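A.B. asks: Below you will find the structure I want to go over with you.
In this note's numbering, the protein residues as written are 27 to 377.
Have a look at this one:
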């Protein structure tokens, strides 16, 4: 069997991560890249040894019928580009958020179902090495019953030197419900859904801590009740240092990871005996986990390991299901549930 083929639409920073991941897959060949900027398209093609580059995705579509189309353009362009490829009966792997509005996702979902195509959103942190270790603790029973999940993302989006508040070059995130924070809500939403299951109730609070920026909000908090457990979520555009923390509390254990610093995982277990001794043991274990994880993370960076932990595995699994004619790694119905959750989280931030 010959290699599967993929194409990249949009040659920005995230496209380079896709291309790096694809370069490591022996069964996949990137047939072409496309960007409205000829310089970006040609640079990406040259850097990754790709034969063809285009400046219009419809020209690419007229020439090629790849197994998978990677859409890595800004969110406002996802809908029209995905519609063109789905209409041609091609599988689509789209960066988050898959669409700006939930109603537009419903349009794409119907097209994918009607034409028997795959429609995937990039939910790479599902396959993050730290998340996989947490899932192992849950599935093995070591963590016990899951009582609560906390997902706290801190990212300095208010810095005058950063790309998010430059009035001369408005960031694409400003067009999203919730503004720039809306670009990160899909990551929060699918991680929540992994633990809570079907969403029952959502409460949010949005605020603006730093005035004088074009951001509609730079702080977000949410409480989510699911069928299996509850979740507290937050995004801070001001708290430092940057971090993407996930904490899971169970009846036997608490576990914490910073998704920006793999593979460090901090575990605190329920122990019998003298509490003071248990606290000492936990402190020693935590220190060891921090040291080992920090050293491992340092050498990952020296080795040039991508900071997009989980992306390669997600892309690999997606091509594998195409090759074996299996159901897509994340079902359309589940992506739908997550898109609805994003819509509910963003609603107050759009008013």
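C-beta: ideal position from N, C-alpha, C; glycine also. Note that this is a predicted model, so its numbers are computed, not measured.
Would you list the residues sitting across from residue 237 in a DSSP beta bridge?
C.D. replies: Residue 237 is not bridged to any residue.
A.B. asks: Pull up the distance between the alpha-carbon of residue 129 and that of residue 61, whole angstroms please.
C.D. replies: About 26 angstroms.
A.B. asks: What do you reckon, are the CB atoms on residue 283 and residue 156 nearer than 7 angstroms?
C.D. replies: A contact, by the Cβ cut-off of 7 angstroms.
A.B. asks: Any idea which residues DSSP pairs residue 284 with across the strands?
C.D. replies: Residue 284 is bridged to 271.
A.B. asks: Residues bridged to residue 367 by DSSP?
C.D. replies: DSSP output for residue 367 lists no bridge partner at all.
A.B. asks: Is residue 174 near the ligand FAD, in the sense that its beta carbon is under 6 angstroms from a heavy atom of that ligand?
C.D. replies: Among the components of this structure there are no ligands whatsoever, and the ligand FAD is therefore not found.
A.B. asks: Less than 7 angstroms separating the beta-carbons of residue 271 and residue 159?
C.D. replies: Not a contact, by the Cβ cut-off of 7 angstroms.
A.B. asks: Of all the beta strand (DSSP E) runs that stay within the bounds of the region 67-118, which reach a length of 3 or more residues?
C.D. replies: Entirely contained in the region 67-118, the beta strand (DSSP E) runs reaching 3 residues are, in chain order, 78-80 and 94-97.
A.B. asks: Name the residue from 88, 242 and 136 whose alpha carbon lies nearest to the alpha carbon of residue 196.
C.D. replies: The option with the nearest alpha carbon to residue 196 is 242.
A.B. asks: Can the beta-carbon of residue 34 be found less than 7 angstroms from the beta-carbon of residue 83?
C.D. replies: In this structure, residue 83 does not lie closer than 7 angstroms to residue 34 by Cβ.
A.B. asks: Run through DSSP, which three-state label would residue 292 get?
C.D. replies: Residue state, collapsed to three classes: strand.
A.B. asks: Is DSSP giving residue 252 helix, strand or coil here?
C.D. replies: Residue state, collapsed to three classes: strand.
A.B. asks: Look at the alpha carbon of residue 81 and the alpha carbon of residue 66, and state the distance between them as a whole number of angstroms.
C.D. replies: Answer to the nearest angstrom: the Cα atoms are 9 angstroms apart.
A.B. asks: Taking 7 angstroms as the threshold (C-beta atoms), are residue 221 and residue 259 in contact?
C.D. replies: Result no, Cβ atoms of residue 259 and residue 221 do not sit closer than 7 angstroms.
A.B. asks: If I measure Cβ to Cβ from residue 277 and keep anything under 6 angstroms in the same chain, skipping five residues before and after, which residues do I get?
C.D. replies: Cβ within range, chain order: 170 and 171.
A.B. asks: Looking only at C-alpha atoms, which of 108, 363, 127 and 90 sits nearest to residue 252?
C.D. replies: Closest option to residue 252, Cα to Cα, is 363.
A.B. asks: Are residue 372 and residue 211 touching if we call contact CB-CB under 7 angstroms?
C.D. replies: In this structure, residue 211 lies closer than 7 angstroms to residue 372 by Cβ.
A.B. asks: In whole angstroms, what separates the C-alpha of residue 254 from that of residue 360?
C.D. replies: Approximately 15 angstroms, taken between the alpha carbons.
A.B. asks: What do you reckon, are the CB atoms on residue 137 and residue 354 nearer than 7 angstroms?
C.D. replies: No, the Cβ-Cβ distance between residue 137 and residue 354 is not below 7 angstroms.
A.B. asks: Kindly indicate which three-state DSSP category residue 190 falls into: helix, strand or coil?
C.D. replies: It is coil, neither helix nor strand.
A.B. asks: Could you give the distance in angstroms between the alpha-carbon of residue 76 and the alpha-carbon of residue 58?
C.D. replies: Using only the alpha carbons, I get a separation of about 6 angstroms.
A.B. asks: Restricting to runs no shorter than 4 residues, where is the alpha helix (DSSP H) found entirely within the region 128-164?
C.D. replies: Whole alpha helix (DSSP H) segments, 4+ residues: 128-141.
A.B. asks: Between which two residues does the alpha helix (DSSP H) carrying residue 49 extend?
C.D. replies: Taken as a continuous stretch (DSSP letters only), the alpha helix (DSSP H) holding residue 49 covers 39-49.
A.B. asks: Does the structure place the region 177-195 close enough to the region 87-97 that three or more beta carbon pairs sit under 8 angstroms?
C.D. replies: Because the criterion of three Cβ pairs below 8 angstroms is not met, the region 87-97 and the region 177-195 do not touch.
A.B. asks: Counting C-beta neighbours from all protein chains within 10 Å, is the total for residue 240 16 or more, i.e. buried, or is it exposed?
C.D. replies: It is exposed - the Cβ of residue 240 has fewer than 16 other Cβ atoms within 10 Å.
A.B. asks: Just curious, the alpha helix (DSSP H) that residue 215 is in, first and last residue?
C.D. replies: Here the alpha helix (DSSP H) through residue 215 covers 211-222.
A.B. asks: Could you give the residue range of the alpha helix (DSSP H) that holds residue 349?
C.D. replies: From DSSP, the alpha helix (DSSP H) with residue 349 extends over 337-350.
A.B. asks: By DSSP, does residue 199 sit in helix, in strand, or in coil?
C.D. replies: Looking at residue 199 - three-state DSSP - the assignment turns out to be helix.
A.B. asks: Excluding the 5 residues preceding and the 5 following residue 68 in the sequence, name in chain order all residues of the same chain whose CB lies nearer than 7 angstroms to its CB.
C.D. replies: Counting only Cβ-Cβ distances below 7 angstroms, and skipping sequence neighbours, we find 79.
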